[in-house]
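Student:
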Amino acid sequence: MGRTVEILTGKAELCRSIMGALPDWFSEPEVIEASALAVEDLPVFGYIEADVVTALIALKPHLPGAVEIALIATRPEYHGRGAGRHLVDAAERFAHDSGARLLTVKTLAPRGRDEPQFEATRRFYDRTGFVRAEVFPKLWHEDHPCLFMVKPLAETQPGRTAL
Ligand SMILES: CC(C)(COP(=O)(O)OP(=O)(O)OC[C@H]1O[C@@H](n2cnc3c(N)ncnc32)[C@H](O)[C@@H]1OP(=O)(O)O)[C@@H](O)C(=O)NCCC(=O)NCCS
1 MGRTVEILTG KAELCRSIMG ALPDWFSEPE VIEASALAVE DLPVFGYIEA DVVTALIALK
61 PHLPGAVEIA LIATRPEYHG RGAGRHLVDA AERFAHDSGA RLLTVKTLAP RGRDEPQFEA
121 TRRFYDRTGF VRAEVFPKLW HEDHPCLFMV KPLAETQPGR TAL
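UniProt numbering puts the first residue of the sequence shown at 1, with every later residue one more than the last.
What follows is the structure in structure tokens.
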């Protein structure tokens, strides 16, 4: 059983380390570097198991309404063990405490290719309560259609007791 903590220092290096271990998803070094620099200025939470940060999530507030998951990634050897779900829970608590009503994420939309890794990512968001809201075919690039997903926040947040 691990724990979720806010990461306050070394965010860029952590991002490089975890994204760099996921070449099936993040194959371009420029994308990893841009993400590493971007997360330095964002709230970041990590999931820790036996002193290893096994997963991270970076959040981009669009207040007052929404908080976006800018990045979520779990080290490959820890996939499927619950770290991602714990971090989505942390994002929900952060969003709720910020007064937001929605958690959002943008991911690659299906594009008629055999890409099981990206389908797995979409399934992860399905399983953690996101709704496939809209596809934006050219928001990023015509070869990279964007799927916008949203999760309405519950009145009572995970791990919280209603008053
Ligand atoms: C997406 C990712 C962060 C999920 O992290 P994870 O720690 O493996 O996820 P969890 O173990 O917490 O799984 C949470 C739920 O998603 C489901 N899920 C996870 N991986 C899945 C897969 N490959 N296929 C189908 N469902 C999956 C789990 O079954 C679980 O649902 P359940 O609790 O109802 O059984 C991880 O696969 C990853 O790092 N992917 C590469 C990076 C990436 O795609 N980031 C997002 C970019 S937009």
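Even glycine gets a Cβ: it sits at the ideal position worked out from N, Cα and C.
Measure from the alpha carbon of R85 to the alpha carbon of each residue in T9, L108, R123 and P43, then state which is nearest.
Tutor: Within the sequence shown, residue 85 is the residue found at index 85, counting from 1. Residue R123 is the option with its Cα nearest to R85.
Student: Hey, quick one: how far does the alpha helix (DSSP H) through A38 stretch, first residue to last?
Tutor: As a first step, residue 38 must be located in the sequence shown, where it is residue number 38. P29 to V39 is the span of the alpha helix (DSSP H), which, as asked, contains A38.
Student: With DSSP as the reference, label A12 as helix, strand or coil.
Tutor: Position 12 of the sequence shown, counted from the first residue, corresponds to residue 12. Helix, per DSSP.
Student: In chain order, what residues of the same chain lie with their CB nearer than 8 Å to the CB of T128, ignoring the 5 residues before and after it?
Tutor: Against the sequence shown, residue 128 aligns to sequence position 128. Same-chain partners within the cutoff: G84, R85, V88 and K151.
Student: By alpha-carbon positions, which one of T9, V31 and P116 ends up nearest to D41?
Tutor: For the purposes of this step, residue 41 is taken as the residue at position 41 of the sequence shown. Comparing Cα positions, the closest option is T9.
Student: Could you give the distance in angstroms between the alpha-carbon of V52 and the alpha-carbon of R75?
Tutor: For this step, residue 52 is matched to residue 52 along the sequence shown. For this step, residue 75 is matched to residue 75 along the sequence shown. Whole-angstrom Cα-Cα distance: 10 Å.
Student: Please state the DSSP three-state secondary structure of G20.
Tutor: Locating residue 20 in the sequence shown gives position 20, counting from the first residue. Three-state DSSP puts G20 in a helix.
Student: Given this structure, state the Cα-to-Cα distance separating L153 from G82, to the nearest angstrom.
Tutor: Locating residue 153 in the sequence shown gives position 153, counting from the first residue. Locating residue 82 in the sequence shown gives position 82, counting from the first residue. Looking at the two C-alpha atoms, the distance is approximately 20 Å.
Student: For R3 and W25, I'd like the C-alpha separation in whole angstroms.
Tutor: Within the sequence shown, the letter at position 3 stands for residue 3. Within the sequence shown, the letter at position 25 stands for residue 25. Taking the straight line from one Cα to the other gives about 25 Å.
Student: Measuring only the C-alpha atoms, how far is V50 from A91?
Tutor: For this step, residue 50 is matched to residue 50 along the sequence shown. For this step, residue 91 is matched to residue 91 along the sequence shown. Note that residue 50 is Ala in the sequence shown here, rather than Val. Between A50 and A91, the C-alpha separation is close to 22 Å.
Student: Nearer than 7 Å: is that true of the beta carbon of A38 relative to any heavy atom of ligand 1?
Tutor: Translated into positions along the sequence shown, residue 38 becomes position 38. No, since every heavy atom of ligand 1 falls outside the 7 Å radius drawn around the Cβ of A38.
Student: At the level of alpha carbons, what is the spacing between P137 and T104?
Tutor: If you number the sequence shown from 1, residue 137 lands on position 137. If you number the sequence shown from 1, residue 104 lands on position 104. In a straight line, the C-alpha of P137 is about 18 Å away from that of T104.
Student: Quick check for students: name the residue ranges of the alpha helix (DSSP H) that lie wholly in the segment 52–133, counting only runs of 4 or more.
Tutor: Correct list: 83–97 and 116–127.
Student: In chain order, what residues of the same chain have a beta carbon less than 8 Å from the beta carbon of D16, not counting five sequence neighbours either side?
Tutor: Against the sequence shown, residue 16 aligns to sequence position 16. Reading off the sequence shown, one finds Arg at residue 16, where the question assumed Asp. So the list reads I32, E33 and A36, once near-sequence residues are dropped.
Student: Cβ atoms of I57 and V67: under 8 Å apart, would you say?
Tutor: Residue numbering aside, residue 67 sits at position 67 when the sequence shown is read from its first letter. Residue numbering aside, residue 57 sits at position 57 when the sequence shown is read from its first letter. No, they are not a contact pair.
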